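In the numbering used here, the protein residues as written are 17 to 194.
Note that beta-carbon positions come from the ideal geometry of N, C-alpha and C, so glycine has one too.
Here the structure is a predicted model, which means the values were calculated and not measured.
Okay, structure first, notes after.
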């Protein structure tokens, strides 16, 4: 029930902020449910939930190894936003992770205010793709690279990024009116 609640909150957040709902893709929902059930020494699904009485107000799903907790899907009940339940949950997760021998909480790539509040450092991570020459490789590049370059350009300019977020929020408000 708690995992389903988390996915519902996250879906609502994606829609509210004008982003694509990852959980609307059945394969992603199925993968998260399967990973939640995974229990091996090197990789396990971890669901963390913050409650007020019996009511969940924030939740997070991620994967852990023996020494790393990789943060994937945090979300909270917007009715409790004033109390920063997501931040409180992450602080509790950090305490529990340290007690369990986890040395690193990987908050993932990308800038976010809550990440800036929690981080003690940054690691540089590179990404890339290897594609074979030819039409398929060119199509892959055309599908992937221009949007990534625009995204990086916008994110590297705070004023432009703020306008982009405002535009996404406007789109989300329009979607909500239908």
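- DSSP places residue 162 in the helix class (H, G or I) of the three-state scheme.
- Cβ atoms of residue 170 and residue 177 come within 8 Å of each other, at about 5 Å.
- Taking the C-beta atoms as reference points, residue 45 is found no nearer than 8 Å to residue 37.
- DSSP places residue 19 in the helix class (H, G or I) of the three-state scheme.
- Around the C-beta of residue 94, fewer than 16 other C-beta atoms lie within 10 Å, and the residue is accordingly described as exposed.
- Between the C-alpha atoms of residue 83 and residue 162 there is a straight-line separation of about 36 Å.
- Distance from the Cα of residue 88 is smallest, within the candidate group 53, 71, 103 and 63, for 63.
- By the CB criterion at 8 Å, residue 90 and residue 21 fall outside the cutoff.
- Annotation: residue 67 to residue 86 spans about 22 Å, alpha carbon to alpha carbon.
- The Cβ-Cβ distance between residue 106 and residue 134 falls below 8 Å.
- With a cutoff of 8 Å on beta-carbon distance, residue 142 and residue 102 are scored as not near each other.
- In the displayed model, residue 80 falls within a strand according to three-state DSSP.
- A Cβ-Cβ distance of about 4 Å is found for the pair residue 51 and residue 61, placing them in contact under the 8 Å criterion.
- For residue 102, there is no enclosing beta strand (DSSP E); the residue is part of the alpha helix (DSSP H) that begins and ends at 101–115.
- The three-state reading of DSSP puts residue 133 in helix, counting H, G and I together.
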